Amino acid sequence: MATFVQLGEENPGYDLAIVLNSINSNKPLEQKQSTSEDDEQADAAEFAAAKESALGKLVASKKYNELLSKNFMGAFDKIMALKEIEMVDTVFSLAFAILPNLTPEEMNSFVSGLCTRFTDEKTKEHLTELKLNLMCFMFNMLDATSPIRHTVYTALLKFALATNNASLCMGQEKSVEVWMEAWNLDKTAEAEVHLLISQLCEQAEQFQLAQSYLVKYLNTISTSTDTKARSAAKPHAQRAAIAAIKSFTENPMAHPQYDCDRIKSLSIIQELEKDKEYANTFALLNIFACDTVGKYLDLVKQQPGLCQKLGLDHEQNLQKLRALTICSLGMEHERLSYETLIDKLRVDDKDAVEAVVIDAVMAGRVDAKIDQEKEEVIIHRTTQRVFRKQDWRKIGNKLESWKNNIHEVLRTLHHVHEKMLQRADPDYQGDEEED
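For what it's worth, numbering that gives the first Met the number 0 labels the leading residue of the sequence shown as 0, then goes sequentially.
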């Protein structure tokens, strides 16, 4: 019986040689709970034999790459078949301890091969959590700037997705951007990481975060020159557009990942307009970004079955668009008559108008008051659907106007104050007027 006891003062390569020799000769392994004098003598003899073995000579000659890539990987299936999970973990820990002795090229080859074996489709259901833990351990022991970390991380995310273990990989999202900057990834590789995180979040039912990373993916791929990657992004672009269209209760100011106009502005989204398969999705997104109920009804009339095909609810679409239409009208008029709203909202009666206003208020889209006696809606505040350069100019002009008005008020107050002082003291000469 071979027992594994790591001798701290010796090279861990010899300990790995002992383990691999035992596995290759089909000797069972066990963790030792305590040691006696006889055990120590047996361990010493076993250690000496390991040094003289073919694997021990590889360690002595510092041929660590051959030890790992040929001998360790050659015993991979037997290692994974060990009865005790703790022993499997121990064997891999020994192998990982030797990794710093490899060149970057050798390490990349070994780590990539190990990730391939861990994520093999045929054995993915075997020791799933252990494989995830081992990949995490391998990731953490690699240098923070090592691009090999990217290889491990993407393999880890893909394996978690494939085995429905997304929840085990959550919580590191805030560090990802820093990691990717250190790895110096190209735009296509960076986009892939964003997409994988989005899919993990969706599987973990963290839908807001999933949409956020999906939009990050689209934003990144929009700057990529990889035509194949851009083409592959179109189904994901459609998915992001549909999620934004479906969203009603999410305030786009607080959750920009649901802002139809921002999403529409991405170049990868705009490419949908020229693609016959996705053109109707883009047209629908454009309507929700800046158009009216009437345009929507015209589109669904021309394209029957569009909502069902995209997984959208026609009545919910109308509810959201009517609220958004009130936002647009409220930007232009402080008071809106029932008659105008019945026409613009495409509703049948006054009760329907009031219901739409209440929905818009409840969703935080507008702050309004219904005056049933005068049959009008008074808009106090509204969410602007589209905000572009000309809107910034309008704000700038308004602020400049306020500044000038305040300046005039201060000038008037100054004159009044001067006159009061002169009346109180005829000898008062007055101060120079401040600008």
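All C-beta atoms in this analysis are idealised placements derived from N, C-alpha and C, irrespective of residue type, glycine included. Bear in mind the structure is a predicted one, so any value in this text is a computation, not a measurement.
Exercise. Spell out a yes or no on whether the stretch 296-303 and the stretch 272-283 are touching, meaning 3 or more CB-CB pairs, one atom from each, closer than 8 Å.
Key: At 8 Å Cβ cutoff, the stretches touch.
Self-check item: Those runs of the alpha helix (DSSP H) which lie wholly inside the stretch 52-108 and span at least 4 residues
Solution: Complete alpha helix (DSSP H) runs here, min 4: 53-59, 75-79 and 84-97.
Quiz item: Buried or exposed: where does residue 361 fall if 16 or more other Cβ atoms within 10 Å of its Cβ makes it buried?
Solution: Within the sequence shown, numbered from 1, the residue matching residue 361 stands at position 362. By the neighbour-count rule (16 or more Cβ atoms within 10 Å), residue 361 is not buried but exposed.
Quiz item: If you count every other CB in all the chains shown that lies within 10 Å of the CB of residue 206, and 16 or more means buried, which is it?
Solution: In the sequence shown, the residue the question calls residue 206 occupies position 207. Classification for residue 206: exposed.
Exercise. From the DSSP output, in three-state form, read off residue 133 for me.
Key: Numbered from its first residue, the sequence shown carries residue 133 at position 134. In the three-state scheme derived from DSSP, where H, G and I count as helix and E and B as strand, residue 133 is classed as helix.
Quiz item: Helix, strand or coil: which one does DSSP assign to residue 272?
Solution: The residue given as residue 272 occupies position 273 in the sequence shown. Of the three classes helix, strand and coil, the one that applies to residue 272 here is helix, per DSSP.
Quiz prompt | beta strand (DSSP E) runs wholly inside the stretch 311-348, at least 3 long, in chain order | solution = For the stretch 311-348, the full-length beta strand (DSSP E) segments reaching 3 residues or more read 334-336 along the chain.
Quiz item: What do you get for residue 324, buried or exposed, if any count of 16 or more other CB atoms within 10 angstroms of its CB means buried?
Solution: Locating residue 324 in the sequence shown gives position 325, where the first residue counts as 1. With 16 or more Cβ atoms within 10 Å of its Cβ, residue 324 is classed as buried.
Quiz item: Since residue 219 and residue 189 are thought to touch, with beta carbons under 8 Å apart, how far apart are those beta carbons, to the nearest angstrom?
Solution: Here residue 219 refers to the residue found at position 220 when the sequence shown is read from its first residue. Here residue 189 refers to the residue found at position 190 when the sequence shown is read from its first residue. That pair is a contact at about 5 Å.
Quiz item: residue 265 and residue 221 look like a contact to me (Cβ under 8 Å); what is the Cβ gap, rounded to whole Å?
Solution: For the purposes of this step, residue 265 is taken as the residue at position 266 of the sequence shown. For the purposes of this step, residue 221 is taken as the residue at position 222 of the sequence shown. Residue 265 to residue 221, Cβ: 5 Å. Contact.
Quiz prompt | Residues that DSSP places opposite residue 435 in a beta bridge | solution = Outside the modelled stretch of the chain, which goes from 0 to 434, sits residue 435, for which no answer is possible.
Quiz item: In three-state terms, what does DSSP make of residue 375?
Solution: By 1-based counting over the sequence shown, the position of residue 375 is 376. Three-state result, residue 375: strand.
Practice problem: Give the DSSP-derived three-state secondary structure of residue 370 in the structure shown. | Solution: By one-based count along the sequence shown, residue 370 stands at place 371. Correct three-state label for residue 370: strand.
Quiz item: Is DSSP giving residue 201 helix, strand or coil here?
Solution: Translated into positions along the sequence shown, residue 201 becomes position 202. If DSSP states are grouped into helix, strand and coil, residue 201 belongs with the helices.
Quiz item: Among 271, 356, 335 and 348, which residue has its Cα nearest to the Cα of residue 436?
Solution: The first residue shown for the chain is 0 and the last is 434, placing residue 436 beyond what the model contains.
Quiz item: From 304, 307, 215 and 303, pick the residue whose C-alpha is nearest to that of residue 268; which is it?
Solution: Within the sequence shown, numbered from 1, the residue matching residue 268 stands at position 269. Among 304, 307, 215 and 303, the Cα nearest to that of residue 268 is on 215.
Practice problem: Could you check if residue 322 is buried or exposed, using at least 16 other CB atoms within 10 Å of its CB as the buried criterion? | Solution: Residue 322 sits at position 323 when you count from the first residue of the sequence shown. Flag for residue 322 reads buried.
Exercise. Would you check if the distance between the CB atom of residue 155 and the CB atom of residue 138 is smaller than 8 Å?
Key: In the sequence shown, counting from the first residue as 1, residue 155 sits at position 156. In the sequence shown, counting from the first residue as 1, residue 138 sits at position 139. The answer is yes: Cβ separation under 8 Å.
Quiz item: When we look at the beta-carbon of residue 401 and count the other beta-carbons within 10 Å, is it buried (16 or more) or exposed?
Solution: Here the question's residue 401 lines up with position 402 in the sequence shown. So residue 401 counts as exposed.
Quiz item: Counting pairs of beta carbons, one from the stretch 352-370 and one from the stretch 401-410, are three or more of them closer than 8 Å?
Solution: No, the stretch 352-370 does not touch the stretch 401-410.
Quiz item: Which of helix, strand or coil does DSSP assign to residue 400?
Solution: Residue numbering aside, residue 400 sits at position 401 when the sequence shown is read from its first letter. Note: residue 400 maps to helix in three-state DSSP.
Quiz prompt | Residues of its chain near residue 209, where Cβ-Cβ distance is below 7 Å and the 5 sequence neighbours each way are ignored | solution = Numbered from 1 along the sequence shown, position 210 holds the residue referred to as residue 209. Contacts found: 197, 200 and 201.
Self-check item: Straight-line Cα distance separating residue 166 from residue 124
Solution: To locate residue 124, count along the sequence shown from 1; it is residue 125. To locate residue 166, count along the sequence shown from 1; it is residue 167. Their backbone Cα atoms lie some 16 Å apart in a straight line.
Quiz prompt | The alpha helix (DSSP H) enclosing residue 10, as first and last residue numbers | solution = Locating residue 10 in the sequence shown gives position 11, where the first residue counts as 1. Looking at the DSSP string, residue 10 is not in any alpha helix (DSSP H), and its letter there is neither H nor E.
Quiz item: Helix or strand or just coil, what does DSSP make of residue 423?
Solution: Position 424 of the sequence shown, counted from the first residue, corresponds to residue 423. Here DSSP, grouped into helix, strand and coil, assigns residue 423 to helix.
Practice problem: Compute the minimum distance between the beta carbon of residue 346 and the heavy atoms of the ligand NAP, and state whether it is under 7 Å. | Solution: By its list of ligands, the structure shown contains no ligand whatsoever, and the ligand NAP lies outside what it can speak to.
Quiz item: Grouping DSSP H, G and I as helix and E and B as strand, with all else coil, what is residue 303?
Solution: Indexing the sequence shown from 1 puts residue 303 at position 304. In the three-state reduction of the DSSP assignment, residue 303 falls in the coil class.
Self-check item: Check whether residue 91 and residue 140 have beta carbons under 8 Å apart
Solution: Residue mapping note: residue 91 aligns to position 92 of the sequence shown, counting from 1. Residue mapping note: residue 140 aligns to position 141 of the sequence shown, counting from 1. In this structure, residue 140 does not lie closer than 8 Å to residue 91 by Cβ.
Quiz item: Taking 8 Å as the CB-CB limit, is residue 401 close to chain C?
Solution: Among the protein chains of the structure shown there is no chain C, as only one such chain exists.
Quiz item: Under 8 Å, do residue 213 and residue 229 count as touching if we go by C-beta distance?
Solution: For the purposes of this step, residue 213 is taken as residue 214 along the sequence shown, with counting starting at 1. For the purposes of this step, residue 229 is taken as residue 230 along the sequence shown, with counting starting at 1. Not closer than 8 Å, so no.
Self-check item: Through-space distance from residue 312 to residue 81, alpha-carbon basis
Solution: Position 82 of the sequence shown, counted from the start, is the residue given in the question as residue 81. Position 313 of the sequence shown, counted from the start, is the residue given in the question as residue 312. So the two alpha carbons sit approximately 53 Å from each other.
Exercise. With DSSP as the reference, label residue 123 as helix, strand or coil.
Key: Locating residue 123 in the sequence shown gives position 124, where the first residue counts as 1. Secondary structure at residue 123: coil, using DSSP grouped into helix, strand and coil.
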